[in-house]
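> Under our numbering, think of the first position of the sequence shown as 10, with each following residue one higher. We put the beta carbon where it would ideally sit given N, CA and C, even for glycine. A quick note: this is a predicted structure, and the numbers were derived from the prediction, not measured.
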Amino acid sequence: MPSPSLGSYLLIPLVVTLAETLVVLGVLHGAVGRAMRARGDATWRLRDTALVSPLLLVGLFLCFASLNHGMLRYALDVERGHGGGTHLAGAVVVAAVGLVAAWFGARAVGKLY
10 MPSPSLGSYL LIPLVVTLAE TLVVLGVLHG AVGRAMRARG DATWRLRDTA
60 LVSPLLLVGL FLCFASLNHG MLRYALDVER GHGGGTHLAG AVVVAAVGLV
110 AAWFGARAVG KLY
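#1: Which two residues bound the contiguous alpha helix (DSSP H) that contains Ala-51?
#2: Taking 6 Å as the limit between beta carbons, can you name the residues of its chain near Tyr-83, skipping five residues before and five after?
#3: Leaving out five residues on either side along the sequence, give the residues of the same chain with a beta carbon under 7 Å from the beta carbon of Met-10.
#4: So, for Val-67: in the same chain, excluding its five sequence neighbours on each side, which residues have a beta-carbon less than 7 Å away from its beta-carbon?
#5: Shortest alpha-carbon distance to Leu-19 belongs to which of Val-87, Ala-59, Arg-48 and His-78?
#6: Label Pro-63 either buried or exposed according to how many other C-beta atoms from any shown protein chain fall within 10 Å of its C-beta, with 16 as the threshold for buried.
#7: Can you give me the Cβ contacts of Ala-115 inside the same chain, cut-off strictly under 6 Å, excluding the 5 residues immediately before and after it?
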């Protein structure tokens, strides 16, 4: 059975990460947009929500990307018989860094309220 190319191993986590980040942006837009419309800003758009705190979105993207890549890489390593979790542990550390960045970004969003 031929194995897929390396490009597909990079593309799958990227597509999933983009989808996860867009879902978070949509949920955030619902909350922030409602608050801004209550304050009288009727023209609040999704773009405005994305520009409120790019650090939040970049941090979450980094967290999601590292976890998605780490899990896929770990599954491939186990399939090949290399069961070491070093790569997965590194991905968890990078995800934690992303969460710290997202936390600081969330503080900026919190200051809107």
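Quick look at the numbers:
#1: Ala-51 -> no alpha helix (DSSP H), and no H or E assigned at all.
#2: Leu-97
#3: Residue placement at Met-10 cannot be trusted, given a pLDDT of 48 that sits under 50; what the coordinates show is reported in the next sentence. Excluding residues within five positions, none has a Cβ falling inside 7 Å.
#4: Ala-110
#5: His-78
#6: exposed
#7: Leu-65
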